[in-house]
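Just below is one structure, and these are the notes that go with it.
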Amino acid sequence: MENGFIQTDDLKKYYRMNTVGVKALDGITIDIPRGAFAVIMGPSGSGKSTLLNLIGGLDWPTSGSIFVDGEEIEALDETELAAYRRNKVGFVFQSFNLISSMSAEENVGFPLRFAGVQAAQRKQRAREKLEEVGLADRMTHKPTELSGGEQQRVAIARALINNPVLILADEPTGNLDTTSGLSVMHTLADLQKSGKTIVVATHDPRMLSFATQTIYLLDGKQVSEETYHQTIEQLSWEGTN
Amino acid sequence: MRFSDLISLIVANLSRRKGRVLLTAIGVMIGTAAVVTLVSLGAGLQKAATESLWGISDLSSIMVYPTYGGEMGGMVMIGGSQQEQQDAVLLTPSKISEIEALPGVERVIIQDYLSVGTEIKLDKLSSWGNIQGVSVSDLKEMNLAASQGTTELGMGKIIVGAYVNRNFYDPNQRYDEGPIDPPDLMGKILNVTLIKWNEEGGETRRTYRMEVAGVLQETRGEADYSMYMTLDEITRWNEWGRGQRINREKEGYNQVIVKAESPQIVLDVADQITGLGLQAYTPQSMVQGINSFFTTMQVIFGGIGAISLLVAAIGIANTMTMSILERTREIGIMKAIGATNNNILAIFLGEASGIGFVGGVGGSILGWGASKLINIFSASYLASQASAQGYMGNTMLATVTPFWLPIFAIVFATIVGLISGLYPSLNAATLVPVSALKYE
Ligand SMILES: Nc1ncnc2c1ncn2[C@@H]1O[C@H](COP(=O)(O)OP(=O)(O)OP(=O)(O)O)[C@@H](O)[C@H]1O
Ligand SMILES: [Mg+2]
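What follows is the structure, given as structure tokens:
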């Protein structure tokens, strides 16, 4: 595995809430190689989503730099960033984020509209992707007519439609039952095997069994596995008292 | 993003919210309908007014009269007429050549009236009349046309206006017999008797037999009650009446008609003639006055409609703001899957314009229908008036919808939509993707 596919350097994201500053990310320096299955672990509020959003170009850091596949993300302008998201990144969200008025097929093909692909081809490619995620018989279903697990697989198909090099998944199993969650994890693992780089933010420990690399976050800071577990144990011990 | 995809997406998004889109579009529809109807009404009124000026529809001619110093100017004369005599500018042949030399003047037609006492007879019927001598051989040159016979003038020939026959009466008729039917004058011989008196009160008469060579078409102007002869013959009659030759260099002519090369330059030419010290009247200046009045009226009418469109515009802005608020998450999704700010802007501007367009189309149809309805009502009203009063009015109030008006209204409504959507759409386009995605 080649190093430096995703590299951040002293990445910071601060929010100012009235007088109080929130350090959502406080100096994160990571390196994820191409083809990795990276898992970002951390309790709620530790900055997992923030980190993922910065890598995906959905938000701007307060300071620091992000390189993905040789591109300096935080230096791109809005249009370049849109092209980056369109061509290189596929997003999978906890709440699926499908468009409720569109069928599965239309949802999956939607990114292709912005890529200038014509309707007939959009339909064909969307069908192929839906078949890949095992939803061949759900093409014309609206999101409300699908189970959570099915919706998430539609979302994964959509993330794959532009053939991105990078899949960013923010708690993809968070809204799913154990079985569907596991099936989504397997789908992501298969994608990694096919050569894509996967970054997943989660607090689901089962995800660790697929990981090639784990990043532990506490209060916006990266910590070692030992520190992480000690702190978590301490927190839960304090919590039960 | 392909243009056809953009359009299909906009149509899909609008039809997702049919009810709201239609309700918003109704506002635009009413505004557009108001604009179309009121402007049509204004245009109709203008047409009716200009048509009543039909008689002076010859827009390239200018009536020129001499300036008789204080007399015509209505000035108060102080210390005799010395001053005024100097101010007088007469239509002498040399002055006429000056007019002819002006740029834009096509020709000058001299018109002189018979200034001798006259009696006109057709068999037992008598008449009076306004007999004009003109310096053209064919009245066509004065834009007059014949309904019977010819417009060509010649010695011993007279051409009469459309209503000249209405002036004939039977001098022996009793009062209770009612008016006679106007005689058909075409081809008849009119006995025109000139009468002059000497100092002692002695009367001399001279009768000419004039053949009616043509009857003119109705002009609804002065020509309808005029009779035309050659200028030479009228001059000879006038000289007989006076008993001496007329020196035109000293007296000038009563009136000349100046033809401009085109209606566009008439006002210009008239100004130049006024500059020579003469009086110039153009039918155009009158038409222009009427036109500017009605243009003002149409602008006011259009303005009233535009106010309702403004209200509609606020409606669109409101709907778009609401819809964008509801779809914040969708905007975030679109951005996450690679939509540019311009894509988002185009989608929402397109939706806003689409509402305007739908309203514009509906409003144009509605306004056009309303205009037609006004026409039907005004026609039946006028018909009932006409049958009640026993005549048919010749001006009729009708709306006129120029073909460009609905097109303009649709384009305008679409632009109103576009502008109303500008602010909300810009807001939508510049949302930070991550905050849009978090929006509940
Ligand atoms: N828009 C914002 N304004 C202010 N503070 C924010 C904003 N977004 C996130 N934060 C703060 O930044 C911190 C990190 O948030 P983040 O969403 O990255 O956590 P997370 O690890 O994804 O948590 P979870 O597991 O609950 O999703 C939190 O303390 C949060 O309150
Ligand atoms: Mg999160």
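Each protein sequence line maps, in turn, to chains V and X.
Be aware that the first sequence starts at 1, since it is given in the numbering used here, and climbs by one per residue.
Be aware that the second sequence starts at 1001, since it is given in the numbering used here, and climbs by one per residue.
A virtual CB, placed ideally from N, CA and C, is assigned to each residue, including glycine.
Problem - Positions along the stretch 96 to 115 of chain V whose CB lies within less than 7 Å of some CB in chain X - result: Asn97, Ile99, Ser101, Phe110, Pro111, Arg113, Phe114, Ala115
Practice task
Assign Gln1264(X) to one of two classes, buried (16 or more other C-beta atoms within 10 Å of its C-beta) or exposed (fewer than that).
Solution key: exposed
Problem - Backbone CA spacing between Val1036(X) and Pro1406(X) [nearest angstrom] - result: 7 Å
Exercise for the section: Measure the C-alpha to C-alpha separation of Ile1347(X) and Glu128(V) and round it to an integer number of angstroms. Expected result: 28 Å
Exercise for the section: Could you tell me whether any non-hydrogen atom of ligand 1 is closer than 8 Å to the CB of Gly57(V)? Expected result: no
Handout entry: Lining residues of ligand 1 - beta-carbon closer than 6 Å to any non-hydrogen atom, in sequence order
Key = Tyr15(V), Met17(V), Val22(V), Ala24(V), Gly42(V), Ser44(V), Gly45(V), Ser46(V), Gly47(V), Lys48(V), Ser49(V), Thr50(V)
Problem - Where Ala155(V) falls, given that 16 or more other Cβ within 10 Å makes a residue buried - result: buried
Practice task
Indicate the three-state DSSP secondary structure (helix, strand or coil) for Asn53(V) in the structure shown.
Solution key: Secondary structure at Asn53(V): helix, using DSSP grouped into helix, strand and coil.
Exercise for the section: Would you kindly report the start and end of the unbroken alpha helix (DSSP H) that includes Ala119(V)? Expected result: 119 to 132
Exercise for the section: Tell me Asp9(V)'s beta-bridge partners as DSSP assigns them. Expected result: Ser65(V)
Practice task
Could you pull out every residue in the same chain whose Cβ sits closer than 7 Å to the Cβ of Asp1005(X), ignoring the five residues on either side in sequence?
Solution key: Counting only Cβ-Cβ distances below 7 Å, and skipping sequence neighbours, we find nothing.
Handout entry: Beta-ladder partner(s) of Val1215(X), from DSSP
Key = Gln1148(X), Val1160(X)
Handout entry: For Ile1110(X), the nearest candidate out of Leu1431(X), Ser1135(X), Pro1283(X) (CA to CA)
Key = Ser1135(X)
Handout entry: DSSP bridge partner residues for Ile1110(X) (one or two, in chain order)
Key = Val1256(X)
Problem - Contact belief for Ile1159(X) with Leu1190(X) at Cβ below 8 Å, rounded distance in angstroms - result: About 11 Å separates the two Cβ atoms, so there is no contact after all.
Problem - Reduced DSSP category for Thr29(V) - H, G, I as helix; E, B as strand; rest coil - result: coil
Practice task
Kindly indicate if chain V contains any beta-carbon less than 9 Å away from that of Glu1330(X).
Solution key: yes
Problem - Segment limits, alpha helix (DSSP H) that includes Gly1403(X) - result: Contrary to the premise, residue 1403(X) reads as Phe rather than Gly in this sequence. Looking at the DSSP string, Phe1403(X) is not in any alpha helix (DSSP H), and its letter there is neither H nor E.
Problem - Neighbourhood of Gln121(V) by C-beta distance below 8 Å, restricted to the same chain and skipping five residues each side - result: Leu112
Practice task
Answer yes or no: the CB of Asp219(V) versus the heavy atoms of ligand 2, is any distance below 8 Å?
Solution key: no
Practice task
Please find out if some non-hydrogen atom of ligand 4 comes closer than 8 Å to the beta-carbon of Gln94(V).
Solution key: As presented, the structure is devoid of ligand 4, carrying ligand 1 and ligand 2 as its sole ligands.
Handout entry: Local conformation of Asn175(V) per DSSP, three classes
Key = coil
Problem - Residues in the stretch 80 to 95 of chain V having any Cβ partner in chain X nearer than 8 Å - result: Under the 8 Å Cβ criterion, the stretch 80 to 95 of chain V contributes Ala82, Ala83, Arg85, Arg86, Asn87, Phe91, Phe93.
Practice task
Return yes when at least one heavy atom of ligand 2 lies under 8 Å from the C-beta of Asn1330(X), else no.
Solution key: Correcting the residue identity first, residue 1330(X) is Glu in this sequence and not Asn. In this structure, ligand 2 has no non-hydrogen atom nearer than 8 Å to the beta-carbon of Glu1330(X).
Exercise for the section: Using a Cβ-Cβ cut-off of less than 8 Å, list which residues of the stretch 1322 to 1351 of chain X approach chain V; keep chain order. Expected result: The stretch 1322 to 1351 of chain X vs chain V, Cβ under 8 Å: Arg1329, Glu1330, Gly1332, Ile1333, Met1334, Lys1335, Ala1336, Ile1337, Gly1338, Ala1339, Thr1340, Asn1341, Asn1342, Asn1343.
Exercise for the section: Starting from Phe246(V), follow the beta strand (DSSP E) in both directions and report where the run begins and ends. Expected result: Beyond the ends of chain V as shown, which are 1 and 241, falls residue 246(V); an answer cannot be given.
Practice task
Specify the secondary structure class of Gln1082(X) as computed by DSSP and reduced to three states.
Solution key: Caution applies to Gln1082(X), whose pLDDT of 44 falls short of 50 and renders its modelled position unreliable; the value that the coordinates give is listed next. Reduced to three states, the DSSP call for Gln1082(X) is helix.
Exercise for the section: For Ser1008(X), decide whether its Cβ has a neighbour in chain V, counting only Cβ atoms nearer than 9 Å. Expected result: yes
Practice task
Note down, in chain order, every chain X residue with its Cβ under 8 Å from the Cβ of Arg158(V).
Solution key: Ile1337
Handout entry: Residue from Asn1341(X), Arg1016(X), Gly1305(X) with nearest C-alpha to Ala1428(X)
Key = Asn1341(X)
Handout entry: the stretch 116 to 130 of chain V: positions lying closer than 8 Å to chain X by Cβ
Key = Gly116, Gln118, Ala119
Practice task
Would you please verify whether the beta carbon of Val1434(X) is less than 9 Å from any beta carbon of chain V?
Solution key: yes
Practice task
Report all residues from its chain with a CB closer than 6 Å to the CB of Phe93(V); omit the five preceding and five following residues, and keep chain order.
Solution key: Asp170
Exercise for the section: May I ask whether a heavy atom of ligand 2 can be found less than 8 Å away from the beta carbon of Ala1025(X)? Expected result: no
Practice task
Please compile the residues from chain X whose C-beta is within a distance smaller than 7 Å of the C-beta of Glu74(V).
Solution key: By Cβ distance, chain X contributes nothing, its closest Cβ being about 14 Å from Glu74(V), past 7 Å.
Problem - Euclidean distance between Cα positions of Ser1371(X) and Thr1414(X) - result: 22 Å
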